[in-house]
Amino acid sequence: MEAKMQTEKHKKILKRNKKTIFSKPAIFISAAILILSALSYLLISCTGSGAIPPEVKKYSGDWPTANQNYSNTRAAVGAKINLSNITELGFSWAFPIKGIGEWGAATTNPVILGDTVYFQDLKSNVYAVDLKTGKQLWIKEYNEDSGAPSGVSVGYGKIFAMKGHFEVVALDLKGNELWVSKISDNPDVGMDIQTTVYDGMVYVSTVPGLSNENFYRGGATGVIYALDEKTGKKIWSFDTVDSKNIWGNPEVNSGGGAWYPPAIDTTKNILYWGIGNPAPWPGTKEFPNGSSRPGPNLYTNSIVALKSSDGALLWYNQVLPHDLFDFDLQISPVLAALDINGVKADILIAAGKMGRVYAMDRNTGKTLWETAVGDHLNDTLTELPEGSTKISPGPLGGVETNMAYSDGIVYIPVVNMVVEYTPSEFVVSSFSFTDAKGELVAINAADGKILWNYKMDSLNVGAATVVNDLVFTSTFNGKIYAFNNKTGEKVWEYQASGGINGWPAVKGDTIIFPVGMSQSPELIAFKVGSAGRQPSETTAPLSGEGKGFEQ
Numbered sequence: 002m003e004a005k006m007q008t009e010k011h012k013k014i015l016k017r018n019k020k021t022i023f024s025k026p027a028i029f030i031s032a033a034i035l036i037l038s039a040l041s042y043l044l045i046s047c048t049g050s051g052a053i054p055p056e057v058k059k060y061s062g063d064w065p066t067a068n069q070n071y072s073n074t075r076a077a078v079g080a081k082i083n084l085s086n087i088t089e090l091g092f093s094w095a096f097p098i099k100g101i102g103e104w105g106a107a108t109t110n111p112v113i114l115g116d117t118v119y120f121q122d123l124k125s126n127v128y129a130v131d132l133k134t135g136k137q138l139w140i141k142e143y144n145e146d147s148g149a150p151s152g153v154s155v156g157y158g159k160i161f162a163m164k165g166h167f168e169v170v171a172l173d174l175k176g177n178e179l180w181v182s183k184i185s186d187n188p189d190v191g192m193d194i195q196t197t198v199y200d201g202m203v204y205v206s207t208v209p210g211l212s213n214e215n216f217y218r219g220g221a222t223g224v225i226y227a228l229d230e231k232t233g234k235k236i237w238s239f240d241t242v243d244s245k246n247i248w249g250n251p252e253v254n255s256g257g258g259a260w261y262p263p264a265i266d267t268t269k270n271i272l273y274w275g276i277g278n279p280a281p282w283p284g285t286k287e288f289p290n291g292s293s294r295p296g297p298n299l300y301t302n303s304i305v306a307l308k309s310s311d312g313a314l315l316w317y318n319q320v321l322p323h324d325l326f327d328f329d330l331q332i333s334p335v336l337a338a339l340d341i342n343g344v345k346a347d348i349l350i351a352a353g354k355m356g357r358v359y360a361m362d363r364n365t366g367k368t369l370w371e372t373a374v375g376d377h378l379n380d381t382l383t384e385l386p387e388g389s390t391k392i393s394p395g396p397l398g399g400v401e402t403n404m405a406y407s408d409g410i411v412y413i414p415v416v417n418m419v420v421e422y423t424p425s426e427f428v429v430s431s432f433s434f435t436d437a438k439g440e441l442v443a444i445n446a447a448d449g450k451i452l453w454n455y456k457m458d459s460l461n462v463g464a465a466t467v468v469n470d471l472v473f474t475s476t477f478n479g480k481i482y483a484f485n486n487k488t489g490e491k492v493w494e495y496q497a498s499g500g501i502n503g504w505p506a507v508k509g510d511t512i513i514f515p516v517g518m519s520q521s522p523e524l525i526a527f528k529v530g531s532a533g534r535q536p537s538e539t540t541a542p543l544s545g546e547g548k549g550f551e552q
C-alpha cells in the first residue's frame, strides 16, 4: 500500500510556514545569515551522531541498546562466537531474578555496557550484574507489577526504566533514583515497552489497558511520549489514534500505542514506530465486524515516522486498515541500506502479528515488497460470516518478537497459531499454546524472497539475534537454538530450566538469555570454552502460562 503523506492539518502548517519564511523582506537576509552561523555549532552537536548518548557511542561494540543499535539489527558482528567455535559454547553462570509479576519474570532485553549487564524484571526491579561472574552489583527494588514487555536503556549517565504501569524513573549508574515522571493517571492505559534514550530524550508509549480486565477497553488510546532525560518533564507527545472521539464511538472503541522501541535514523533524527491494533476486535454483539469504528482507523497497524525533536509526523504507512483480528504491526522496525539492482536504497523492514513482512522506502514510506511468513488461513477477510471461523495467525501468532538483520538477510521469528472468531467475539476456548508452533524464516531483504525456514515444536517468541555467521532464537518451551545463518542448519541447542519469552544480549564470547517463565526465573549466560551445569531435562513454566509477550 502506498504511504500516506502529511495529514491536511500538517500540510496547512507546512504551507503557512513556507509562506511566512519566504515572504520576509530582503533586509533580513544578513541577519538570517548571522543567525545560521551562530546556530551552526548547535546543528553539528544536536543532529546526526551528536544526538547519540555518549555511553551508546563508547560501547557500540557491546549491546548498549535493546536491539544492539538504533537500526534494530540485533546483529553482534565482531563478537567472539561463530560457526567455528559454537560447539564450545557452554553454560557459564545463572543469576536469579527476584520479581515475578502478572506476566512472568522477564519479557525484556538486557543491555550490556562494558562489564555490566543492566536488566529489569516484571516487578519493576532494576539490576546491575557483573558480566564475567554473574554476581549482583546492585539492585533498585520497586516490587510493583509492570507491563510486558519492559526494560531499561542507558544514556547521559543514567538508567531509564518503567516503574509500575504509569511512571518512568531515572537512576544513576549506582542505582540511586534521580527523578520519577508520571505519564498518565488514566487507569485504562499503561506502559508496556522498553525505554529508549536518544537526542536528550527518553521515549516511551502507553497502550490501552493494564490487564485482561480492561485490555483495550473503550475510551483509551496509545500515546507516544518524549521526556527530558535530565528532568523527566514531558517535551512532546503523539497520539497514535488520529480521532479525538476515537472514530465516533469512544465508549466502545480504543486502539493504537507502541509495544516495542522505535528504529532511529541517527543521520536525520527520525523515529520509526510500529503501532498496535484498533479495538474492539473483531467487534461486539451490538457492533459486529468492527462496525463501531468505520474507516481505516488510523494510525493503527501502521509505521509512523516522527521527528525526534518535536514528534512531528513526516509520513505513515498503514499496512492493514480496519483490522478485525488484533494484527498489530508492533515489533521494532529494522533499518538497512541495500544495493538493489545497482541502486542504493535506504529501507525499513516491518512485521507484526498479521504474519507479514514489509519493506518500505525509508524516506517516503512507500511499500517495496510484502512477504507472508508462517501459516495463513482466512486472515484477509474484511468481514466475518455468521458462526465461527478459523483464523491463522491468531492474536498471539505471526511475528510476535523482534527480527534481526545482517548482510542483506532479515531473520523472522514466527508463531503459528489457529484460533476461532465470530463476528462479535474471539472464541477464547479455541486458544491453545500446546498446539501452537514456531518457525525461524530467513528472507532476502532486497526482494522479500524466502531463503530458508526452520520449524519448531513451540512458539518462537525469543526474537532473532545474529552473531557473526550464526543466528540464535529461543522458544516458549525453553529451547535455545543456534543456526548457520546462511543455510538454516541447526548447529547448537540447549534446553533451559523454564520457558523463554525474553531476548538475548551479546558481548565478546558471551551471550545472555532471560528465562522468565519459570518458578525459579533467571538470567543465564553462555560463554565460549565454558562447561558449567548441564541443561535441565524438564521445564517448569509459571502458572498462567501463555502470558508475557505482546497481546
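Letter by letter, the sequence shown follows residues 2 to 552 of the working numbering. In this text, a Cβ means the ideal position worked out from N, Cα and C, and glycines have one as well.
Could you check the C-alpha separation between S76 and A405 for me, to the nearest Å? Position 75 of the sequence shown, counted from the start, is the residue given in the question as residue 76. Position 404 of the sequence shown, counted from the start, is the residue given in the question as residue 405. Checking the displayed sequence, the identity of residue 76 turns out to be Ala instead of Ser. So the two alpha carbons sit approximately 6 angstroms from each other.
In angstroms, rounded to a whole number, what distance separates the CA positions of I87 and V529? Within the sequence shown, the letter at position 86 stands for residue 87. Within the sequence shown, the letter at position 528 stands for residue 529. If you take the alpha carbons of I87 and V529, they lie about 7 angstroms apart.
Select from D243, N254 and S309 the residue whose C-alpha is nearest the C-alpha of T268. Taking the sequence shown and counting its residues from 1, the one referred to as residue 268 is at position 267. The residue with the shortest Cα to Cα distance from T268 is S309.
Please tell me whether D193 and G165 are closer than 8 angstroms, where the distance is taken between their beta carbons. Here residue 193 corresponds to residue number 192 of the sequence shown, with the count starting at 1. Here residue 165 corresponds to residue number 164 of the sequence shown, with the count starting at 1. No; because the gap between Cβ atoms is not below 8 angstroms, this pair is not in contact.
Which class does N177 belong to by DSSP, given the choice of helix, strand or coil? For the purposes of this step, residue 177 is identified with residue 176 of the sequence shown, where counting begins at 1. N177: coil per DSSP, three-state reduction.
Let me know if I341 comes out buried or exposed under the rule of 16 or more other beta-carbons within 10 Å of its beta-carbon. Taking the sequence shown and counting its residues from 1, one reaches residue 341 at position 340. By the neighbour-count criterion, in which 16 or more other beta carbons inside 10 Å mark a residue as buried, I341 falls on the exposed side.
Pick from P414, N318 and L123 that is closest to W453, judged by C-alpha positions: Walking along the sequence shown from the start, residue 453 turns up at place 452. Of the listed residues, the one whose Cα sits closest to W453 is P414.
Shortest alpha-carbon distance to P279 belongs to which of K58, P263, A259 and N270? The sequence position of residue 279 within the sequence shown is 278, counting from 1. Ranking K58, P263, A259 and N270 by Cα distance to P279 puts A259 first.
What residue range does the alpha helix (DSSP H) around K58 cover? As a first step, residue 58 must be located in the sequence shown, where it is residue number 57. Start and end: P55 to K59.
Distance, T381 Cα to K480 Cα: Residue mapping note: residue 480 aligns to position 479 of the sequence shown, counting from 1. Residue mapping note: residue 381 aligns to position 380 of the sequence shown, counting from 1. Their backbone Cα atoms lie some 32 angstroms apart in a straight line.
Per DSSP, E421 is paired with what? The residue given as residue 421 occupies position 420 in the sequence shown. Beta-bridge pairing links E421 to K391 and V428.
Could you give the first and the last residue of the continuous beta strand (DSSP E) run that contains F314? Residue 314 sits at position 313 when you count from the first residue of the sequence shown. Strictly speaking, residue 314 in this sequence is Leu, with Phe absent from that position. L314 -> beta strand (DSSP E) spans L314 to Q319.
Check each candidate in L460, P386 and G409 and name the one with the smallest Cα separation from V419. Residue mapping note: residue 419 aligns to position 418 of the sequence shown, counting from 1. Here the closest residue by C-alpha is L460.
Taking the CB atoms as reference points, tell me whether L172 and K183 lie closer together than 8 angstroms. Along the sequence shown, read from residue 1 onward, the residue named residue 172 stands at position 171. Along the sequence shown, read from residue 1 onward, the residue named residue 183 stands at position 182. The answer is no: Cβ separation not under 8 angstroms.
Alpha carbon to alpha carbon, how far is G91 from D1? Give it in angstroms, no decimals. Any answer about residue 1 is impossible in this case: the structure gives the chain only from 2 up to 552.
If we count the other Cβ atoms within 10 Å of its Cβ and call it buried at 16 or more, is D116 buried or exposed? Residue 116 sits at position 115 when you count from the first residue of the sequence shown. Exposed.
Entirely enclosed alpha helix (DSSP H) segments - the stretch 158-239, minimum 4 residues: none
Reference K235, options V203, N250 and R357, closest by Cα: As a position in the sequence shown, residue 235 is number 234, starting the count at 1. Nearest to K235 by C-alpha distance, out of V203, N250 and R357, is V203.
Any idea what DSSP makes of N485, helix, strand or coil? By 1-based counting over the sequence shown, the position of residue 485 is 484. DSSP places N485 within a strand segment (E or B) once states are collapsed to three.
Run the CB neighbour count on G356, radius 10 Å, all protein chains shown included, and call it buried at 16 or more, exposed below. Position 355 of the sequence shown, counted from the first residue, corresponds to residue 356. Buried, since its Cβ has 16 or more Cβ neighbours within 10 Å.
Classify N417: buried if its beta carbon has 16 or more other beta carbons within 10 angstroms, exposed otherwise. Position 416 of the sequence shown, counting from 1, holds the residue named residue 417. Answer is buried; the Cβ neighbour count reaches 16.
Proximity of V400 and K354 at Cβ, strictly below 8 angstroms: Stepping through the sequence shown from its first residue, residue 400 is reached at position 399. Stepping through the sequence shown from its first residue, residue 354 is reached at position 353. Contact: yes.
Could you tell me whether the Cβ atoms of G191 and N144 are closer together than 8 angstroms? Position 190 of the sequence shown holds residue 191. Position 143 of the sequence shown holds residue 144. It is not a contact, given that the beta carbons lie outside the stated cut-off.
Whole angstroms are fine: how far does the CA of W237 sit from the CA of I451? Counting from 1 along the sequence shown, the entry for residue 451 is found at position 450. Counting from 1 along the sequence shown, the entry for residue 237 is found at position 236. Cα to Cα, I451 sits roughly 40 angstroms from W237.
May I have the straight-line CA-CA distance separating S393 from P55, to the nearest angstrom? To locate residue 393, count along the sequence shown from 1; it is residue 392. To locate residue 55, count along the sequence shown from 1; it is residue 54. Their Cα atoms are separated by approximately 44 angstroms.
Bridge partners for E556 per DSSP, in chain order? Because the chain is modelled from 2 through 552, residue 556 falls outside the range shown and cannot be assessed.
Specify, as a first and last residue, the run of the beta strand (DSSP E) that D116 falls within. Here residue 116 refers to the residue found at position 115 of the sequence shown. That residue, D116, is in no beta strand (DSSP E); it is neither H nor E in DSSP.
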